[in-house]
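Contents: one structure, followed by commentary.
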Amino acid sequence: MNLIITSELRVGSRWLHYLLKDLLGMKVSGEIDTTKMIIFNEKIKGYFREGRIVKLHHATPKGIIASIKPRNYKIIGVVRNPRDRAVSRTFHRKFNITGEDLEPYFNDTQAVQYTVMGSEEFKAYTKNQFEFMLDGYATRSKTLNKLPYIWTSYEWLLHNTTREVQVICNFLGISHPKKRIQQVVTQNSFETKSNRKPGNEHRKDLWRRKGIMADWVNWFTEDMVRHTAKEQERYWQILMRNSGGV
């Protein structure tokens with residue numbers, strides 16, 4: 623099976639990568655730089671030949687389909703609450719300093735504010751998420767668009783991992799007993815992998831902040847809430863229209 627997982631940064635796609643790797647008996651791959659996706663076309667095909675799941679960031683399904691031929695693969699997209707992703711992305715950048723542009727004199731709140739209001743990145747990555755959600759079909763949708771991909775959300779995965787993985791397996795044409803899926807979910811849970819509960823981490827000690835949902839309420843000012851209101855409302859509307867359930 624040739625499989626691509628793609629998303630913006632900090633939405634849980636690596637988690638899904640490992641869930642499916644164990645469930646399908648495949649190998650993981652390093653991330654492909656999608657700004658050079660056409661150049662890496664042969665590398666992607668090589669990953670396919672090696673039985674690896676290809677993982678991309680910053681690529682919409684349309685961009686993938688336009689760049690990678692032949693189209694003998696399936697695509698899974700992952701999205702996440704734009705506000706939570708902004709916070710997670712901020713600390714990923716702030717405490718993984720090399721090559722990043724958040725100045726070290728920013729305190730945590732200023733860093734989040736910069737990510738949300740000080741650049742065009744927030745609206746750009748949200749726009750890419752909405753392209754996943756509007757042009758393709760979701761894990762809860764009954765109709766298939768022409769584009770050969772499915773999308774799921776971090777919130778759906780977190781609230782009902784077994785259900786979401788089962789629906790993705792149906793999309794892939796793979797049948798597994800629920801007991802086997804639950805086993806893989808347990809093997810790849812946050813608690814199993816990290817030996818702590820979600821959110822129990824010291825931000826400055828561990829820049830990979832995993833499992834924190836709705837953390838944006840701890841960092842957003844009233845101005846940031848107003849600034850992101852349109853994107854936030856649209857996100858939840860699309861999620862609920864596709865009946866994912868949270």
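Sequential numbering of the sequence shown, starting at 623, is according to my numbering. Glycine included, every Cβ here is placed at the ideal spot set by N, Cα and C.
Cβ-Cβ distance between residue i and residue j below 8 Å
| i | j | result |
| --- | --- | --- |
| Arg705 | Trp838 | yes |
| Val650 | Arg671 | no |
| Leu625 | Tyr695 | yes |
| Asn782 | Leu641 | no |
| Val676 | Val709 | no |
| Arg702 | Ser775 | yes |
| Ile654 | Pro770 | no |
| Ile627 | Ile666 | no |
| Thr712 | Thr737 | yes |
| Lys800 | Gln788 | yes |
| Leu756 | Ile860 | yes |
| Arg856 | Phe752 | yes |
| Thr784 | Ile796 | no |
Supposed contact pair residue j and residue i - C-beta distance, whole angstroms, cut 8 Å
| i | j | result |
| --- | --- | --- |
| Glu786 | Thr761 | 6 Å |
| Ser629 | Gly685 | With a Cβ gap of about 13 Å, Ser629 and Gly685 do not count as contacting. |
| Trp841 | Thr731 | 6 Å |
| Trp773 | Phe754 | 5 Å |
Helix, strand or coil at residue i according to DSSP, with G and I counted as helix
| i | result |
| --- | --- |
| Glu855 | helix |
| Ile687 | helix |
| Arg632 | coil |
| His679 | strand |
| Arg674 | strand |
| Ile834 | coil |
| Ile666 | helix |
| Ile654 | strand |
| Ile626 | strand |
Selected residue, minimal CA-CA separation from residue i, among the options
| i | options | result |
| --- | --- | --- |
| Asp845 | Arg802, Met739, Glu664 | Met739 |
| His680 | Phe728, Ile860, Ser635, Tyr776 | Ser635 |
| Lys745 | Ile860, Glu853, Asn864, Leu861 | Glu853 |
| Gln805 | His639, Met623, Asp644 | Asp644 |
| Pro683 | Met835, Leu779, Tyr759, Ile796 | Tyr759 |
| Met862 | Trp778, His798, Pro799, Val789 | Trp778 |
| Ile687 | Met648, Leu780, Met659, Phe713 | Met659 |
| Asn663 | Pro692, Ala851, Trp637 | Pro692 |
| Met623 | Cys791, Phe812, Ser741, Met835 | Cys791 |
Mind listing, in chain order, the continuous alpha helix (DSSP H) runs of no fewer than 4 residues lying wholly within the segment 732-819? 743-757, 776-781, 783-794, 800-809, 812-816
Entirely within the segment 696-720 and at least 3 residues each: give me those beta strand (DSSP E) ranges in chain order. 696-701
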